Amino acid sequence: MFRPTSWIWVFIAGASIFATGTHAEDTVVRSFSGGSAASMVGIVPAGEDVELAGPQALSADGQGNLFVLDQVNGRILQFDPKQPNSDPDVLKMPRDVQPTDLVVHNGDIMVWDGGVRTLKAAPDQSTRGLGGDEIQLEEVSSRGTDDQVAISAFAQMGSQPPGSATELLDQNTRAAVVKTGRQPDRQYVASRSKGSVIADIIPDKGNSSVRIEIQTMVTNETIGALGLRVRDQLGTVEFLEIDNSDRFYVLAEDIPPSGKNASTFVVRYAANGRLEGIYELPLENTPLTRRFVTISGDGDVYFLRTKPNGVDVVGVGFRPLRNASVIDARPSRTATAQPYNNSKFNATAAVRPSNRQQAIETAFAFEGVQWKLTQANYGNDPDSQCSGFNRIRRPWYLQGKVNQEVRGVPYCWGCHGSLANFRQRIESGTLAGNVCTRNAPRPDVAGVDCSAFVSATWGLSVHYTTAAIPAIASPVTNPWELKPGDALNKPGSHVMLFLRFTPDRKAEVMESSTGGCNGRVCRNIYPLASLLARGYTPVRFRAFADDQTTVSADVYQDSDAPAGRKSAAAKTATKRR
Numbered sequence: 017m018f019r020p021t022s023w024i025w026v027f028i029a030g031a032s033i034f035a036t037g038t039h040a041e042d043t044v045v046r047s048f049s050g051g052s053a054a055s056m057v058g059i060v061p062a063g064e065d066v067e068l069a070g071p072q073a074l075s076a077d078g079q080g081n082l083f084v085l086d087q088v089n090g091r092i093l094q095f096d097p098k099q100p101n102s103d104p105d106v107l108k109m110p111r112d113v114q115p116t117d118l119v120v121h122n123g124d125i126m127v128w129d130g131g132v133r134t135l136k137a138a139p140d141q142s143t144r145g146l147g148g149d150e151i152q153l154e155e156v157s158s159r160g161t162d163d164q165v166a167i168s169a170f171a172q173m174g175s176q177p178p179g180s181a182t183e184l185l186d187q188n189t190r191a192a193v194v195k196t197g198r199q200p201d202r203q204y205v206a207s208r209s210k211g212s213v214i215a216d217i218i219p220d221k222g223n224s225s226v227r228i229e230i231q232t233m234v235t236n237e238t239i240g241a242l243g244l245r246v247r248d249q250l251g252t253v254e255f256l257e258i259d260n261s262d263r264f265y266v267l268a269e270d271i272p273p274s275g276k277n278a279s280t281f282v283v284r285y286a287a288n289g290r291l292e293g294i295y296e297l298p299l300e301n302t303p304l305t306r307r308f309v310t311i312s313g314d315g316d317v318y319f320l321r322t323k324p325n326g327v328d329v330v331g332v333g334f335r336p337l338r339n340a341s342v343i344d345a346r347p348s349r350t351a352t353a354q355p356y357n358n359s360k361f362n363a364t365a366a367v368r369p370s371n372r373q374q375a376i377e378t379a380f381a382f383e384g385v386q387w388k389l390t391q392a393n394y395g396n397d398p399d400s401q402c403s404g405f406n407r408i409r410r411p412w413y414l415q416g417k418v419n420q421e422v423r424g425v426p427y428c429w430g431c432h433g434s435l436a437n438f439r440q441r442i443e444s445g446t447l448a449g450n451v452c453t454r455n456a457p458r459p460d461v462a463g464v465d466c467s468a469f470v471s472a473t474w475g476l477s478v479h480y481t482t483a484a485i486p487a488i489a490s491p492v493t494n495p496w497e498l499k500p501g502d503a504l505n506k507p508g509s510h511v512m513l514f515l516r517f518t519p520d521r522k523a524e525v526m527e528s529s530t531g532g533c534n535g536r537v538c539r540n541i542y543p544l545a546s547l548l549a550r551g552y553t554p555v556r557f558r559a560f561a562d563d564q565t566t567v568s569a570d571v572y573q574d575s576d577a578p579a580g581r582k583s584a585a586a587k588t589a590t591k592r593r
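And the structure:
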């Protein structure tokens, strides 16, 4: 069933035809409400500068079963989408496994926890499954970087080792640089019908088109040659699957220079390479997930959509395209940034002297700091204190790590300050990270939230929240012009520091996050269109603007920043040219 909701440009033999398009009807195949019961998923509610967090990934196995990574509850839910009323199996993960992504293939349950870790059912439970069972998983191996298929599968949605810190800073100029232009990309995919294959993504005719050549890994036989061209500019392109009918599936982004109406879609090709149509992914107003789309062996496309009270697993509708050589998939709706009132914020900020290079170096310092988690830092178990919590619990990466060395500044809602200030407070026995915070920040905890982290990298002596950032940062009209030290901001929700574009045209960022970082400052890689479609705005701190705008202000020493949230209106400064 189809309903007309959008337009599509179709180009045939060099002549353009403006045709009425249709947006295929999506179907919710299963819904999970928020909670910890067997048929529920863990949801962390949104709030000021706290993005809604829930399941991070969706994957399918060769039998058509779907798997949802419910990392808040420390488990994976397995169910058959063809039997929506049956109880899901609950696969409990080992306590020390804290993943942000999931891939299931050939009976392997692989999760991403900074690297690939492989899980399976404990021996005495191997015969159980699909019937509402609770099954304990155990780790059987950690796959190395030489497992090309596993690494490539996670990299498709951004779960991949970030580049080196030194690579980001040019050795000759010591200035932050960003890669430009699309580069050839090789991907390794364990397909349903052809086994392991190699897909080469080859730039073709500027930034709007690529060629995709597929060959088998065992025999090096070429089995597919696909062409993909969009109206504006291609973002990431990922070869996803060959289904049981030998059809090819490719995920792609089209990102206009304006950044508006960016779209993400899956293209389906027939076995002979002919483009058959697209699945337009419903990204708008959906919180960030690591892996939000999967393809079954039958060719069904599923999407994971998180809501304030649970998640939907959506069967994405197929839109046929006949004789189309250019895809123009314009979303029927796009997310918009939340309104903010900046009248109380001065358009300048108190800063320490800073530039892009210093901003990036500060970001890496927050991400790489090593410190010992003492019992005083750890505190009591928050699960007994925070029953019915409606904010964020202790950062997941700190669970069970008392008296051990840990890496990265922890997430703490409402906390801010410099790295030296964080170290001093930790050494004095302050609680680390967010502990049972509900409606107001706590002065007895240490760490940074998302906007405090960006404020620190920009050298701000006061904490500018996501709602206040537009008062000191200008929009970057063309998202492809983002530079290291810029940011992607969603007022009232979340902000992340932009580092660079990866060779395959994803956005590499640094952020302080409860979900994608397990409650700390970390580097992540996201498809750019998914960020734009979810309401993130590319912005540039005015002190870094190309017009040489500078900002003067009160300068604070590293130890001066107090704990707790401090209004950005508390200090003002003057701007000079």
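Residues in the sequence shown are numbered consecutively from 17, following our numbering. Even glycine gets a Cβ: it sits at the ideal position worked out from N, Cα and C. Source: prediction; values computed, not measured.
Beta-carbon separation (whole angstroms), residue i vs residue j, contact threshold 8 Å
i: residue 321; j: residue 328; result: 5 Å
i: residue 331; j: residue 316; result: 6 Å
i: residue 202; j: residue 214; result: 6 Å
i: residue 133; j: residue 108; result: Incorrect: roughly 15 Å between the Cβ atoms, too far for contact.
i: residue 375; j: residue 481; result: Wrong, their Cβ atoms sit about 18 Å apart, outside the cutoff.
Residue i burial status per 10 Å Cβ neighbour count (16 or more: buried)
i: residue 529; result: buried
i: residue 567; result: Note that residue 567 has pLDDT 35, beneath the 50 cutoff, so the model's placement of it is unreliable and the number below is only indicative. The residue is buried, with at least 16 neighbouring Cβ atoms inside 10 Å.
i: residue 506; result: buried
i: residue 296; result: buried
i: residue 79; result: exposed
i: residue 464; result: buried
i: residue 460; result: exposed
i: residue 492; result: buried
i: residue 101; result: exposed
i: residue 522; result: buried
i: residue 346; result: buried
i: residue 72; result: buried
i: residue 411; result: buried
i: residue 44; result: exposed
i: residue 139; result: exposed
i: residue 434; result: buried
i: residue 177; result: exposed
i: residue 546; result: buried
i: residue 236; result: exposed
i: residue 430; result: buried
i: residue 150; result: exposed
i: residue 261; result: exposed
i: residue 234; result: exposed
i: residue 252; result: buried
i: residue 210; result: buried
Beta-carbon proximity list for residue i, same chain, < 6 Å, skipping 5 on both sides
i: residue 225; result: 245
i: residue 76; result: 82, 310 and 312
i: residue 54; result: 106
i: residue 267; result: 254, 256 and 282
i: residue 229; result: 216 and 241
i: residue 40; result: 18, 333, 334 and 335
i: residue 388; result: 421
i: residue 471; result: 479 and 480
i: residue 552; result: 504 and 506
i: residue 381; result: 435
i: residue 413; result: 534, 535 and 536
i: residue 206; result: 121, 165 and 212
Test item: CB-CB of residue i and residue j under 8 Å
i: residue 173; j: residue 124; result: no
i: residue 96; j: residue 416; result: no
i: residue 69; j: residue 324; result: no
i: residue 326; j: residue 88; result: no
i: residue 114; j: residue 129; result: yes
i: residue 595; j: residue 466; result: Because the chain is modelled from 17 through 593, residue 595 falls outside the range shown and cannot be assessed.
i: residue 247; j: residue 344; result: yes
i: residue 258; j: residue 208; result: yes
i: residue 672; j: residue 557; result: The structure shown does not extend to residue 672, since the chain is modelled only from 17 through 593, so no value can be given for it.
i: residue 548; j: residue 278; result: yes
i: residue 451; j: residue 425; result: no
i: residue 135; j: residue 156; result: yes
i: residue 550; j: residue 304; result: yes
Same chain only: Cβ atoms within 8 Å of residue i, ignoring 5 sequence neighbours per side
i: residue 372; result: 191, 192, 499, 500, 501 and 560
i: residue 525; result: 504, 512, 513, 514, 515, 539, 540, 541 and 542
Sequence-distant residues of the same chain with beta carbon closer than 7 Å to residue i, five excluded per side
i: residue 442; result: 387, 393, 448 and 462
i: residue 49; result: 56, 325 and 326
i: residue 293; result: 284, 334, 335, 336 and 337
**Q.** Continuous alpha helix (DSSP H) assignments of at least 4 residues falling wholly in the segment 99–141
**A.** DSSP runs (the alpha helix (DSSP H)) wholly in the segment 99–141: none.
Q.
Extract the residue ranges of the beta strand (DSSP E) inside the segment 305–337, only unbroken runs of 3 or more that lie entirely within it.
A. Here the runs fully enclosed are 309–311, 317–323 and 326–331.
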